[in-house]
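First the structure, in the form of structure tokens, and then the observations on it.
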Amino acid sequence: MQEFICQTSANPSLFSAEGFVGLIFLVTIGLIVAGALVATCARRLVRSVAGLALCFTGVAGMYYFLLAPFVAMMQMLIYVGAVAILIAFAIMMATPEEGDLPGRRISALAGPLGFATGALLFAALTVLAIRTPWQVFPREGSADMKHIGTVLLTSHSMVFELISIVLLIAIIGALVLARRGRN
Amino acid sequence: MHLLNLYNCLNTYLVVGALLFGFGIYGLVSRRTIIGMLISSELVLAAASVNFMAFNRFTAPDPAVGQIFTLFIMAIAAAEAAIAVSIVIAVYRNYKSIDTEDIVDLHG
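Protein chains in written order, with our numbering: chain A, 1 to 183; chain B, 1001 to 1108.
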């Protein structure tokens, strides 16, 4: 029990409410894996962006399972609604006529070596996550929206202000970069 | 650990985060276009967010801090995506290509 931090160690049947929730969680994991697979392996970039949106939808579902519905909603709004659409716009504006780019990197080793690196990192992080005895602290605060807002604007208010400055600079920088060269 | 009880275990979320990170690194190395690499870097950021949220749910004392950190990661990712897309458009305007093999002017 020290190695596997589980809230309950029940064994629900498939037709109970808990079992159905577990089934939905497995579907969520399937969405994430399928989306990441399409996002990294699809030849055409449009399919890649669609896979990215699918993967982000699965991650939002996972946030819902982590008892954070507000962050799940923000994930849908910001990632699926803004970032994926922004990348789709970039593909529409900055892709050559033929659409897909056939062929691989000039170095033929980039694909296999990249796969080996990714698989090695995945295996190492998995072993690390399972072997480490994570220390559990007792709960102090609640996770409702009111408490999040209070913490965000009191103990993290400096970061909150800094992030707004970062976003402002990003907007101005994006405008300057994208407008340069246009006459 | 039963298959239908996976959503109550910390390790499930950590393994999913590691999987997203592995996919992101693989895509960063093997993709040939700048936009493909941008998509893969978004996967890496999503992996970091999943890890923060998992530890926030299972081990952290105050469950608001991890959510706030994830919101900050989202803001940084949105700013990064906007900057990267404008750089992609500027590169495309100058080179008529987003292939990383074509943007090699400084290559000796």
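Note that the Cβ used here is the ideal one computed from N, Cα and C, for glycine as well.
Because the structure is a prediction, the values reported are computed rather than measured.
Worksheet entry | Classification of TYR1026(B) by the beta-carbon crowding that lies within 10 angstroms, buried from 16 upward | Numbered from 1 along the second sequence, position 26 holds the residue referred to as residue 1026(B). With 16 or more Cβ atoms within 10 Å of its Cβ, TYR1026(B) is classed as buried.
Discussion item. I need the DSSP call for THR184(A), collapsed to helix, strand or coil.
Written reply: The question about residue 184(A) has no answer, for chain A in this structure spans 1 to 183.
Item to complete: Using a cut-off of 9 Å between C-beta atoms, extract the partners of THR95(A) located in chain B.
Response: Residue mapping note: residue 95(A) aligns to position 95 of the first sequence, counting from 1. Within chain B, the residues near THR95(A) are THR1033, ILE1035, TYR1092, ILE1098.
Fill in: Contact under 8 Å by Cβ, VAL71(A) with THR1070(B)
Reading the first sequence from its first residue, position 71 is the one you call residue 71(A). Reading the second sequence from its first residue, position 70 is the one you call residue 1070(B). The answer is yes: Cβ separation under 8 Å.
Worksheet item: Exposed or buried, which one is SER1030(B) when buried takes at least 16 other CB atoms within 10 Å?
Response: Here residue 1030(B) is taken as the residue at index 30 of the second sequence, counted from 1. Answer is buried; the Cβ neighbour count reaches 16.
Discussion item. Taking the alpha helix (DSSP H) that PRO1061(B) belongs to, which residues open and close that run?
Written reply: Reading the second sequence from its first residue, position 61 is the one you call residue 1061(B). No alpha helix (DSSP H) contains PRO1061(B), which DSSP labels as neither H nor E.
Discussion item. Our contact map puts ALA1046(B) next to LEU86(A) with C-beta atoms below 8 Å; I'd like the distance itself, whole angstroms only.
Written reply: The residue you call residue 1046(B) lines up with position 46 of the second sequence. The residue you call residue 86(A) lines up with position 86 of the first sequence. The Cβ separation is near 15 Å, so there is no contact.
Discussion item. Using a Cβ distance threshold of 8 Å, determine whether the segment 1058 to 1075 of chain B contacts the segment 145 to 152 of chain A, with at least three qualifying pairs required.
Written reply: yes
Worksheet item: According to DSSP, is THR1033(B) helix, strand or coil?
Response: Here the question's residue 1033(B) lines up with position 33 in the second sequence. Three-state DSSP puts THR1033(B) in a strand.
Worksheet item: Looking only at its own chain, which residues have a Cβ that is under 6 Å from the Cβ of ALA60(A), when we skip the five neighbours before and after it?
Response: Position 60 of the first sequence, counted from the first residue, corresponds to residue 60(A). Same-chain partners within the cutoff: ALA72, GLN75, MET76.
Worksheet entry | Where SER1041(B) meets chain A, residues with beta-carbon distance less than 7 Å | Position 41 of the second sequence, counting from 1, holds the residue named residue 1041(B). Within chain A, no residue comes near SER1041(B); the closest Cβ sits about 11 Å away, beyond 7 Å.
Worksheet item: Nearest-angstrom Cα distance between CYS55(A) and GLY1036(B)?
Response: Taking the first sequence and counting its residues from 1, the one referred to as residue 55(A) is at position 55. Taking the second sequence and counting its residues from 1, the one referred to as residue 1036(B) is at position 36. Using only the alpha carbons, I get a separation of about 15 Å.
Practice prompt. Leaving out five residues on either side along the sequence, give the residues of the same chain with a beta carbon under 8 Å from the beta carbon of HIS147(A).
Written response: Taking the first sequence and counting its residues from 1, the one referred to as residue 147(A) is at position 147. The answer, listed in chain order, is GLY141.
Worksheet item: Exposed or buried, what is ALA17(A) when buried is set at 16 or more other beta-carbons lying within 10 Å of its beta-carbon?
Response: Position 17 of the first sequence holds residue 17(A). Classification of ALA17(A): exposed, given that the 10 Å Cβ count is below 16.
Worksheet item: Does any C-beta atom of chain B lie closer than 8 Å to the C-beta of ILE85(A)?
Response: For this step, residue 85(A) is matched to residue 85 along the first sequence. Cβ-Cβ to chain B under 8 Å: no for ILE85(A).
Discussion item. In whole angstroms, give me the CA-to-CA distance for ARG44(A) and SER155(A).
Written reply: The residue labelled residue 44(A) in the question sits at position 44 within the first sequence. The residue labelled residue 155(A) in the question sits at position 155 within the first sequence. Going from the Cα of ARG44(A) to the Cα of SER155(A) covers about 45 Å.
Practice prompt. Compute the beta-carbon to beta-carbon distance between ALA1084(B) and LEU1043(B), rounded to the nearest angstrom, for a pair I have assumed lies under 8 Å.
Written response: To locate residue 1084(B), count along the second sequence from 1; it is residue 84. To locate residue 1043(B), count along the second sequence from 1; it is residue 43. Actually they are not in contact, since the Cβ atoms of ALA1084(B) and LEU1043(B) sit about 14 Å apart, beyond 8 Å.
Worksheet item: What separation, rounded to the nearest whole angstrom, lies between the Cα atoms of TYR1092(B) and LEU37(A)?
Response: As a working mapping, residue 1092(B) is identified with position 92 in the second sequence. As a working mapping, residue 37(A) is identified with position 37 in the first sequence. Taking the straight line joining both Cα atoms gives about 27 Å.
Discussion item. So VAL166(A) contacts chain B; which residues on that side make the cut at Cβ distance below 8 Å?
Written reply: The residue given as residue 166(A) occupies position 166 in the first sequence. Simply ALA1075, ILE1076, ALA1079.
Worksheet item: Between ILE1034(B) and ALA34(A), what straight-line distance do the alpha-carbon atoms span, to the nearest angstrom?
Response: As a position in the second sequence, residue 1034(B) is number 34, starting the count at 1. As a position in the first sequence, residue 34(A) is number 34, starting the count at 1. Rounded to the nearest angstrom, the two C-alpha atoms are 22 Å apart.
Discussion item. I want to see whether chain B comes within less than 8 Å of PRO69(A), judged by CB atoms only; does it?
Written reply: Within the first sequence, numbered from 1, the residue matching residue 69(A) stands at position 69. No, PRO69(A) lies away from the interface with chain B (no Cβ there is under 8 Å from its Cβ).
Worksheet item: Would you say THR126(A) reaches chain B, if we count a Cβ-Cβ gap shorter than 8 Å as a contact?
Response: What you label residue 126(A) is simply residue 126 of the first sequence in a count that begins at 1. Yes, THR126(A) counts as interfacial toward chain B.
Practice prompt. Determine the direct distance from the alpha carbon of GLY114(A) to that of GLY19(A), and round the result to whole angstroms.
Written response: Within the first sequence, the letter at position 19 stands for residue 19(A). Within the first sequence, the letter at position 114 stands for residue 114(A). For GLY19(A) and GLY114(A), the distance between alpha carbons rounds to 38 Å.
Worksheet item: What does SER48(A) reach in chain B if we use C-beta pairs closer than 7 Å?
Response: Position 48 of the first sequence holds residue 48(A). Neighbours of SER48(A) on chain B, chain order: GLY1036, ILE1039.
Worksheet item: Exposed or buried, which one is MET62(A) when buried takes at least 16 other CB atoms within 10 Å?
Response: Here the question's residue 62(A) lines up with position 62 in the first sequence. It counts as buried.
Worksheet item: Hey, how far is the Cα of LEU109(A) from the Cα of SER13(A)?
Response: Against the first sequence, residue 109(A) aligns to sequence position 109. Against the first sequence, residue 13(A) aligns to sequence position 13. The straight-line gap from Cα to Cα measures roughly 47 Å.
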